[in-house]
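The block underneath contains the structure these notes are about, expressed in structure tokens.
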Amino acid sequence: MADGSGTEISRAAREYRKGQRHSAWVKRLKILLPVVSIGLAVAFVVVSIAFRVTPADIVFDRMTMENGVIVMENPALSGQNDDRRTFTMNAARATQNVATPDVITLNDIKAELPVGDNEVASVEAERGIYDRLLETLVLDAPFTVRATGGLEVDLQSARFDMGVGAMETNDGVVIRNGKTSLVAQSVRIRDNGAIIVFERDVRMIIDPSTLSSREESAD
């Protein structure tokens, strides 16, 4: 009888520890998931601001005309965000068809933009096609957004609709922040980052070393 009672107590203790571990994981996910989600929202804001360009903003080394297409070599621009902090963007080449003057294509893009109080975010993209009239941007090749605080966002492609504060991609995203990362094959952003939906093979990866000693002792 005593042995049976001991078994029940032991089983209850194991279930309690299991519940404690689950509770600890839930609490940690409630912290970590918003962190990586905010990372994607930061990437959205950085790209949106950096690509709001007009031809008058751009300085360049040389400009030529090729078959009705204006070609600008080494275009660069600078401006200010809503907090009047300066951002810069450079590209190896920019093209603008005279038949569609509102569409600008940039190649080999590098941009820097202040985020938060002390951080700076950078964007590196192979190509961006920006339509000033529609306020849309298509990055149809891999690009990366990094912040000095450790955030890194890698996407294969994305479509931004700056007019309504939206972004979407079906080609995958990897978000890293410290030792935590989130991977998804499809992402949709709405309301300037207030709503973020991850879909298709969503995985969150947490390095075991990020777990507290209390969580480890619960095992």
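For what it's worth, this note's numbering labels the leading residue of the sequence shown as 576, then goes sequentially.
The beta-carbon is built from N, C-alpha and C at its ideal position, and this holds for glycine as well.
- Per DSSP, the continuous beta strand (DSSP E) segment holding S697 begins and ends at E694 to D706.
- Nearest to N745 by alpha-carbon distance, out of T723, F735, V646 and V695, is F735.
- In the same chain as I645, and ignoring 5 residues on each side of it, the C-beta atoms closer than 6 Å to its own belong to Q671, in chain order.
- When only Cα atoms are considered, D692 and T675 end up about 39 Å apart.
- Taking each of N649, D677, L688 and V673 in turn and checking the Cα distance to F662, the smallest one comes out for L688.
- In the three-state scheme derived from DSSP, where H, G and I count as helix and E and B as strand, N665 is classed as strand.
- Only residues of its own chain outside the window of five on either side were considered, and among them E694 have a CB closer than 6 Å to the CB of G724, listed in chain order.
- In the DSSP assignment, A733 falls within the unbroken beta strand (DSSP E) covering A733 to D736.
- Note that the C-beta distance between A696 and A722 is below 8 Å.
- In this structure, the straight-line span from the alpha carbon of V739 to that of A667 is close to 29 Å.
- Each residue's CA atom was taken as its position, placing S756 and M638 some 43 Å apart.
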